[in-house]
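Asker: Chains as they are written, first to last, in UniProt numbering: chain A, 1 to 159; chain B, 1 to 236.
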Amino acid sequence: MASTSNSTSSKIITLRSSDGEVFEVEESVALESNLIRRMMEDDCANNIIPLPNVTAPIFYLVIEHCKKHAEMKDNKEKKKELRSQGEELLKSDPHTYSNLMEAVNYLDIKSLMDLTAQWLADFLKGKSPRLIRELLKIKNDFTPEEEAEILERNRWAFD
Amino acid sequence: MSDSSAIFEDKIRIQNSKAMELGNDLIVQIVRWLPFKSVIDCRFVSKRWCFSITQHLALSGKYDPCGPYLHKAEYLLGLIDGKQCYPKVENHTILRRAKVYLFKAQDNLIKLLFIHGMNEFEKDAEDSKSSDASFISLKKKWFENLAKLLMDMTKRFNICIKDWDRTGTTSSGGAIILDIHCCCRKHDLKRRKRGGPMVRDEPWHQQSTVGMCSVPEYGAWRAWSMVHSSQALWWK
Chain A
1 MASTSNSTSS KIITLRSSDG EVFEVEESVA LESNLIRRMM EDDCANNIIP LPNVTAPIFY
61 LVIEHCKKHA EMKDNKEKKK ELRSQGEELL KSDPHTYSNL MEAVNYLDIK SLMDLTAQWL
121 ADFLKGKSPR LIRELLKIKN DFTPEEEAEI LERNRWAFD
Chain B
1 MSDSSAIFED KIRIQNSKAM ELGNDLIVQI VRWLPFKSVI DCRFVSKRWC FSITQHLALS
61 GKYDPCGPYL HKAEYLLGLI DGKQCYPKVE NHTILRRAKV YLFKAQDNLI KLLFIHGMNE
121 FEKDAEDSKS SDASFISLKK KWFENLAKLL MDMTKRFNIC IKDWDRTGTT SSGGAIILDI
181 HCCCRKHDLK RRKRGGPMVR DEPWHQQSTV GMCSVPEYGA WRAWSMVHSS QALWWK
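1. Measuring only the C-alpha atoms, how far is A/Y152 from A/F142?
2. Tell me whether the segment 83–97 of chain A and the segment 46–56 of chain A touch, counting them as touching only if at least three CB pairs, one residue from each stretch, are closer than 8 Å.
3. By the criterion of Cβ-Cβ separation under 8 Å, what are the contact partners of B/S46 in chain A?
4. Based on Cα-Cα distance, which residue from B/R48, B/V28 and B/D25 lies nearest to A/E133?
5. Using the beta-carbon count (16 or more within 10 Å), is A/N99 buried or exposed?
6. Going by DSSP, what residues sit across from A/T14 in a beta bridge?
7. On the premise that A/I12 lies in contact with A/I49, defined as a C-beta separation below 8 Å, what is that separation, rounded to the nearest angstrom?
8. Quick check: A/A70 and A/E24, are their CB atoms within less than 8 Å of each other?
9. Quick check: what's the CA-CA separation for A/L136 versus A/S28?
10. Would you say B/Q55 faces chain A, with C-beta separation under 8 Å as the test?
11. If we ignore side chains and look at the alpha-carbon of each, how far apart do A/D93 and A/E145 end up?
12. What separation, rounded to the nearest whole angstrom, lies between the Cα atoms of A/L120 and B/S52?
13. Report the CB separation of A/G20 from B/S38 in whole angstroms; it is logged as a contact under 8 Å.
14. Quick one: give me the first and last residue of the alpha helix (DSSP H) that A/P50 is part of.
15. Could you pull out every residue in the same chain whose Cβ sits closer than 6 Å to the Cβ of A/A103, ignoring the five residues on either side in sequence?
16. So, is B/D41 buried or exposed, given that buried needs 16 or more other C-beta atoms within 10 angstroms?
17. Does the beta-carbon distance from B/F44 to A/I150 come in below 8 Å?
18. Which residues in chain B sit within 8 Å of A/K125, going by Cβ to Cβ distance?
19. So, at 6 Å on beta carbons, what are the nonlocal neighbours of A/Y106 in its own chain, with the 5 sequence-adjacent residues on each side left out?
20. What is the DSSP secondary structure of A/N75, counted as helix, strand or coil?
21. Would a C-beta distance cut-off of 8 Å place residue 160 of chain A and A/L15 closer than the cut-off?
22. Can you tell me whether DSSP reads B/V45 as helix, strand or coil?
23. At a CB-CB cut-off below 7 Å, which residues of chain B make contact with A/E102?
24. Can you tell me whether A/W119 is helix, strand or coil according to DSSP?
25. At least one CB of chain B closer than 8 Å to the CB of A/E147: is that the case?
26. Note down, in chain order, each residue of its chain lying with its Cβ closer than 7 Å to the Cβ of A/D108, except the 5 sequence neighbours on either side.
27. Would you say A/S18 lies against chain B (beta-carbon separation less than 8 Å)?
28. Could you name the residues of chain B that A/L61 contacts, counting a contact when the two beta carbons are closer than 7 Å?
29. Can you name, in chain order, every residue of its own chain whose Cβ lies under 6 Å from the Cβ of A/D114, other than the five neighbours on each side?
30. What residue range is occupied by the uninterrupted alpha helix (DSSP H) comprising A/E134?
31. Decide if A/H95 is buried, meaning its Cβ has at least 16 other Cβ atoms within 10 Å, or exposed.
32. Give me the residue from B/C50, B/R32 and B/L26 with the minimum Cα distance to A/P129.
33. Can you look up A/K125 in the DSSP assignment and give me helix, strand or coil?
34. Would A/L131 be called buried (16 or more neighbouring beta carbons within 10 Å of its own) or exposed?
This is the structure in C-alpha cells:
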C-alpha cells in the first residue's frame, strides 16, 4: 500500500488506482479533487474509493502535484519547483504529462487543471501538428483529402 | 455486493462515461492558452482535435465563417506585440466598445486594428432602437469616427498618412486591420497622387484621386470617401 500522508492528525482517505494499487491520502489533499469530494459528500468514501481511470504511477504524480500546489500558495519557491517539475516531465515524457492532465481532468482538480493546461500549451506553442502528434502519441486519422479541405477552410488565417 | 456498493459502482461508471467525453474538453483547456496561429495549427493534429477546436471557437463566438478576422487580428497582435491604444475612445459613439490597437510594424508602416465585431454593431443598433436606416447611419458614424481617429493620429504621432488600406469588412465580422503607410515627405504624397499602388477593385478607391485635401488629412479623407461613396461595398 502506498502512503502519501505526512501527518497522522488528518483524516486519511483510501483510494484504489486502476491497476489495483491502494493509496492512503490526507483528506485535505484528496479534497482538491471535486470528484472525490462529491463521492465523500454522497457517503461513498467509507469504502476504498476506486479510480478506474487513473493508473498508480499517474495517480502518484497527481498527488505530488496536488501537495505542491497546496504548498505553493504565497510561496514563490514552491511555485517554481512545481513548474520546473512539470516542465521536466513535459520535456522528458510529454505523453505521460498528457496522461497526468487527463487524470487531473477526470479527478476534476480545477486549480491544477488550469496550470497543467497552460504549461502544456506553452510546450506545444509553435510546434507543427506532426510533432504534436509524435509527442502526445496521437494517431493522424485524416485522409490527405480531409487535410486539404481543412487547410482550404482556414486559408484566410495564413494569408 | 450491497445496494450502496452497487450505487457506488454505478456512480463510477457514470464518471467513466463522462471521462470519455472529457477528451474534447481537455483539448479546449489546452488550446485556450494558445495564440491563434497555434490554435489553427492544432486543428490538423487529428479529427478529434479539429472537432473540439472548431466547436470551441464556434461556441465562444470567436470563429464563424463570417468573422474570421476577429481572430486574425488577435493573431497579428500576438505576433507583432501590438500595444493597445485608445482604450477608451471618448465621444466616439461607435468606437466606445471597440478595441483599437496601434503598433508600428516597420519604419514607415503603422498598423491600426479595430476589433469591432458585427455583434457590436448590432448592439449599438439595439441601443439606439434603430430601424434599418439608423443602422446604416450608425455605420456611417463609425467611419466618421475612423476619420477623426486618423486625423488625431497624424497630430499625435506627427506623421503624414501616405496611404492606407484595410482587410476585413462588415461581412467578415466587422474587424478592420488598417495598414497605414506613413511618411514625412510631401513628394511621396505627390507621387501617390499620380497613382500609387492602390487596390483598384473597390469603388471608393477609384474616387480617391478626387478632391484631395491637405496632407495630414489625406488618410482621413480616404475614410470619408468610403463613407460617402454610394457604390462602396460596405453599404451593400
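From the three backbone atoms N, C-alpha and C, an ideal C-beta is built for every residue, glycine too.
Answerer: Reading it off the structure:
1. Here residue 152 of chain A corresponds to residue number 152 of the first sequence, with the count starting at 1. Here residue 142 of chain A corresponds to residue number 142 of the first sequence, with the count starting at 1. What sits at residue 152 of chain A in the sequence shown is Glu, not Tyr. C-alpha separation (whole angstroms): 14 Å.
2. Touching, no, given that fewer than three Cβ pairs across the two stretches are closer than 8 Å.
3. As a working mapping, residue 46 of chain B is identified with position 46 in the second sequence. Within chain A, the residues near B/S46 are R133, I138, K139, N140, D141 and F142.
4. Within the first sequence, the letter at position 133 stands for residue 133 of chain A. Inspection of the sequence shows that residue 133 of chain A is occupied by Arg rather than by Glu. When each option's Cα is compared against that of A/R133, the closest is B/R48.
5. Translated into positions along the first sequence, residue 99 of chain A becomes position 99. By the 10 Å Cβ count, A/N99 comes out buried.
6. Here residue 14 of chain A refers to the residue found at position 14 of the first sequence. Answer by DSSP bridge pairing, in chain order: A/E24.
7. Position 49 of the first sequence, counted from the first residue, corresponds to residue 49 of chain A. Position 12 of the first sequence, counted from the first residue, corresponds to residue 12 of chain A. A/I49 to A/I12, Cβ: 12 Å. No contact.
8. As a position in the first sequence, residue 70 of chain A is number 70, starting the count at 1. As a position in the first sequence, residue 24 of chain A is number 24, starting the count at 1. Not in contact: A/A70 and A/E24 (Cβ atoms no closer than 8 Å).
9. Position 136 of the first sequence, counted from the start, is the residue given in the question as residue 136 of chain A. Position 28 of the first sequence, counted from the start, is the residue given in the question as residue 28 of chain A. Cα-Cα distance, rounded: 32 Å.
10. For the purposes of this step, residue 55 of chain B is taken as the residue at position 55 of the second sequence. No, B/Q55 does not count as interfacial toward chain A.
11. Taking the first sequence and counting its residues from 1, the one referred to as residue 93 of chain A is at position 93. Taking the first sequence and counting its residues from 1, the one referred to as residue 145 of chain A is at position 145. Straight-line Cα distance between these residues: approximately 32 Å.
12. In the first sequence, counting from the first residue as 1, residue 120 of chain A sits at position 120. In the second sequence, counting from the first residue as 1, residue 52 of chain B sits at position 52. Straight across, the Cα-Cα distance linking A/L120 with B/S52 is about 17 Å.
13. Taking the first residue of the first sequence as 1, we reach residue 20 of chain A at position 20. Taking the first residue of the second sequence as 1, we reach residue 38 of chain B at position 38. Contact doesn't hold; Cβ gap of about 39 Å is too wide.
14. Sequence index remark: in the first sequence, residue 50 of chain A carries index 50 (1-based). Per DSSP, A/P50 belongs to no alpha helix (DSSP H); it is in the beta strand (DSSP E), I49 to L51.
15. On the first sequence, residue 103 of chain A is found 103 positions in, with the first residue counted as 1. Apart from the 5 residues on each side of it in sequence, A/A103 sits with its Cβ closer than 6 Å to the Cβ of V54, I58 and V62 in its chain, given in chain order.
16. In the second sequence, the residue the question calls residue 41 of chain B occupies position 41. In summary, B/D41 is buried, with 16 or more beta-carbon neighbours lying within 10 Å of its beta-carbon over all protein chains present.
17. Within the second sequence, residue 44 of chain B is the residue found at index 44, counting from 1. Within the first sequence, residue 150 of chain A is the residue found at index 150, counting from 1. With a cutoff of 8 Å on beta-carbon distance, B/F44 and A/I150 are scored as near each other.
18. Residue 125 of chain A sits at position 125 when you count from the first residue of the first sequence. Within chain B, the residues L34, P35 and S38 have their CB atoms less than 8 Å from the CB of A/K125, given in chain order.
19. Position 106 of the first sequence, counted from the first residue, corresponds to residue 106 of chain A. Counting only Cβ-Cβ distances below 6 Å, and skipping sequence neighbours, we find N53.
20. By 1-based counting over the first sequence, the position of residue 75 of chain A is 75. If DSSP states are grouped into helix, strand and coil, A/N75 belongs with coil.
21. The requested residue 160 of chain A does not occur in the structure, where chain A is confined to residues 1 to 159.
22. Position 45 of the second sequence, counting from 1, holds the residue named residue 45 of chain B. Looking at B/V45 - three-state DSSP - the assignment turns out to be coil, as it is neither helix nor strand.
23. Here residue 102 of chain A is taken as the residue at index 102 of the first sequence, counted from 1. Those are L26, listed as they occur along chain B.
24. By 1-based counting over the first sequence, the position of residue 119 of chain A is 119. Note: A/W119 maps to helix in three-state DSSP.
25. Within the first sequence, the letter at position 147 stands for residue 147 of chain A. Among the residues facing chain B, A/E147 is included, as its CB has a counterpart in that chain under 8 Å away.
26. By one-based count along the first sequence, residue 108 of chain A stands at place 108. Here the set comprises S33, N34 and L35.
27. What you label residue 18 of chain A is simply residue 18 of the first sequence in a count that begins at 1. Taking Cβ atoms only, chain B never reaches closer than 8 Å to A/S18, which makes this a no.
28. Counting from one through the first sequence, the residue named residue 61 of chain A turns up at place 61. In chain order: nothing, as chain B lies at least about 16 Å away.
29. Here residue 114 of chain A corresponds to residue number 114 of the first sequence, with the count starting at 1. Non-local beta-carbon contacts of A/D114 in its own chain, meaning distances under 6 Å to residues more than five positions away in sequence, are absent.
30. In the first sequence, counting from the first residue as 1, residue 134 of chain A sits at position 134. It spans P129 to L136 - the alpha helix (DSSP H) in which A/E134 sits, taken as one unbroken run.
31. One-based indexing of the first sequence puts residue 95 of chain A at position 95. Answer is exposed; the Cβ neighbour count stays below 16.
32. Working through the first sequence from its first residue, we reach residue 129 of chain A at position 129. Shortest Cα-Cα distance from A/P129 to any of B/C50, B/R32 and B/L26 involves B/C50.
33. Walking along the first sequence from the start, residue 125 of chain A turns up at place 125. Coil, per DSSP.
34. Residue numbering aside, residue 131 of chain A sits at position 131 when the first sequence is read from its first letter. Its Cβ having fewer than 16 others within 10 Å, A/L131 is exposed.
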